[in-house]
Each structure stands twice: as structure tokens, then as C-alpha cells.
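For reference, the structure is listed below as C-alpha cells.
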Amino acid sequence: MDGTPFPTTARLTGRWLRGRLPTLNDWIRGIPLVDSKVREQTQRRKATRRAMGLETAYCAETVAITYEEMGLLATDKDENWFDPGKFWSGDTLPLAPGYRLGNEIAVIVG
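The numbering used here runs 445 ahead of the 1-based position in the sequence shown.
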């Protein structure tokens, strides 16, 4: 990721907005048979996108990918659904059953 320029405000906003739009998973969640097939397709698409590299991912997306690879997240949302606020503003992350994040650790400088 060294040398990757920071995105323009318009590009970052567009990517954030696309992450907020309802996905196919949002519409068919709970419908027998169809739900599982769409989940499988989503996982394959995510794996293909990740194989291309993290060079175009933003910081919150990189953290989300890492958490998901570690088995901490249980979501069908794409990485661009995550923004920095999901990790620090008190939002509820879709953590896998049995996992929880600890309290914040204060860092004192000086």
C-alpha cells in the first residue's frame, strides 16, 4: 500500500454511499434456499475481490477484512459498508457469536 494516494472526497463518498445501499442479501434474507445460494455467491465474490489485493482498500475496509478473516465478523455486507465510525463511535459491529471487543485503551503521550 506504500505510495497509494489518498482518494478524492468524491471517490471516498461514492464508495461509502455504495456500502449503504441495500444489497441482494438484504432483500432475500430468510427466504429458504435462495438465501443460502446468494450467501455463497457473495462469499465467492468477496474472495475474488480480495485476491486482487488490498491496494485499493481504505483503512476501515482493511480492518473489516482482517476481522472477517479472523472469524470475528459475521456479516454478508461488503467491506465498503464499514467506515471508521463502525469501529470507534459505539456502533454495534456484527461480531460472530461468542466474541466481543474489550474496552478502549487510553494512550497518554508525554
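All C-beta atoms in this analysis are idealised placements derived from N, C-alpha and C, irrespective of residue type, glycine included.
For residue i, the three-state DSSP class (helix, strand or coil)
i, result
"THR540", "Residue identity differs from the one stated: residue 540 is Leu in this sequence, not Thr. It is a strand residue."
"LEU457", "helix"
"ARG484", "helix"
"THR468", "coil"
"LEU478", "coil"
Distance between beta carbons of residue j and residue i, contact taken as under 8 Å
i, j, result
"PRO529", "ALA505", "5 Å"
"ALA551", "GLY516", "About 28 Å separates the two Cβ atoms, so there is no contact after all."
Best match in the options for proximity to residue i [C-alpha to C-alpha]
i, options, result
"THR458", "ARG489, ASN525 and TYR512", "ASN525"
"THR454", "TYR503, ALA551, SER481 and PRO467", "TYR503"
Strand pairing of residue i, partner residues [DSSP]
i, result
"LEU518", "LEU540"
Stretch-stretch touch, CB-based, cutoff 8 Å, three pairs: the segment 503-521 with the segment 457-474: yes
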